[in-house]
Amino acid sequence: MQGPVGILALQGDFALHAQLLSDSDVETVEVRGAEDLTGVSGLLLPGGESTTIAMGIDRENLKDPIRNLAKAGLPVFGTCAGMVLMSSAHLGLIDMEVERNAFGRQIHSFEADLKIDGLDGPPVRGLFIRAPVVTFVGDAVRVFAEIDGSTVGVKQDNCTAISFHPELVGDARLHLLALGLKQWPELPASS
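The numbering used here puts the first residue of the sequence shown at 37, with every later residue one more than the last.
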C-alpha cells in the first residue's frame, strides 16, 4: 500500500491542496516536522509566503530531510511559493532560478488557460497570485508550461514546480502527475 502524500503545513494554502487530493481519493498528511515525513509517498510544497515558509523549514530542521527524500526519488511538487522554495537559491531541488512576484502585486492577479506540454484534455486553468516565473533552467530541467514567453512549469527528474494555483480552480491533474500518482507523458527536451 502506498503511503499518504505529505503536504508542508507551516504556512500557506495547504488545506486547499489536502481537500483537492482528498476529492481525488488521495490520502494526505500535514507535514510540520521531520517525523511527519516518515512513510510519505510524495511531498507537496504549497503556495503562501515563501520567506515565511523558508523560515519555518529552517526552524523545524526540514531542509536536509526534504533534500534527502528528493534525492532518494520521492516525488516533490511545488506550487507558487513552493516553486520558489524548490529553486537553486533555497532547497536546490530543481536547477532553476526564479523571480518572485514577477507579474506584480496581489492586485495584478489573473487567470489563464495553459497548454501543458504532453497533457491531453482541456487546458489547465492557472490562477496566478503574486506568482514567480523561472528565469533560468539547467540542462536537466524540462519546461512544460509557459505564458506570454515566461516559464511557469518545470520538471527535473522527480521534482515538479509550477508558479500558479490549480488547487484554487479544482483541477488535480498536475497534482496527480507531479506526485507520481499518474504517469507523466513524454516531455519534449529543453532547447
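Cβ coordinates follow ideal geometry from the N, Cα and C atoms, glycine included.
Which same chain residues end up closer than 8 angstroms to residue i when comparing Cβ atoms and leaving out the 5 residues on each side of it in sequence?
i    : result
E147 : R161, G162, L163, F164 and V205
R136 : S86, V120, R166 and P168
From residue i to residue j, what distance separates their C-alpha atoms?
i    : j    : result
F139 : G83  : 15 angstroms
N104 : L79  : 12 angstroms
V169 : F200 : 10 angstroms
Q55  : L81  : 15 angstroms
F180 : T115 : 14 angstroms
P202 : A208 : 7 angstroms
I222 : G157 : For the sequence presented, residue 222 should be read as Glu rather than Ile. Using only the alpha carbons, I get a separation of about 15 angstroms.
L52  : G75  : 22 angstroms
D149 : W220 : 20 angstroms
G154 : A167 : 23 angstroms
Taking DSSP's pairing of strands, which residues face residue i in a bridge?
i    : result
F50  : Beta-bridge pairing links F50 to no other residue.
R161 : D149
M132 : V173
F113 : L80 and T196
S186 : I183
Ignore the nearest five residues each way along the sequence and tell me which others in residue i's own chain have a CB closer than 7 angstroms to its CB.
i    : result
V62  : V41 and L217
A106 : V112, L129, N194 and C195
A90  : L121 and H126
P101 : A70 and L73
C131 : Reading off the sequence shown, one finds Asp at residue 131, where the question assumed Cys. Excluding sequence neighbours, D131 sits near S124, V173, G174, A176, V177 and Q192.
With a threshold of 8 angstroms between beta-carbons, can residue i be considered close to chain B, or not?
i    : result
P168 : The structure shown has no chain B; it contains just one protein chain.
Cutting at 6 angstroms between CB atoms, please list the residues of its own chain near residue i, excluding the five before and the five after it.
i   : result
T88 : Q47
Give a single yes or no on whether residue i has its beta carbon closer than 7 angstroms to a heavy atom of the ligand MG.
i    : result
V190 : Inclusion of the ligand MG in the displayed structure is not the case, the ligand content being empty and no account of it being possible.
- [ ] Report yes or no: do the stretch 83-99 and the stretch 170-178 share at least 3 C-beta pairs separated by less than 8 angstroms?
- [x] no
Task: Contact the stretch 39-55 vs the stretch 178-192: 3+ CB pairs below 8 angstroms - done: no
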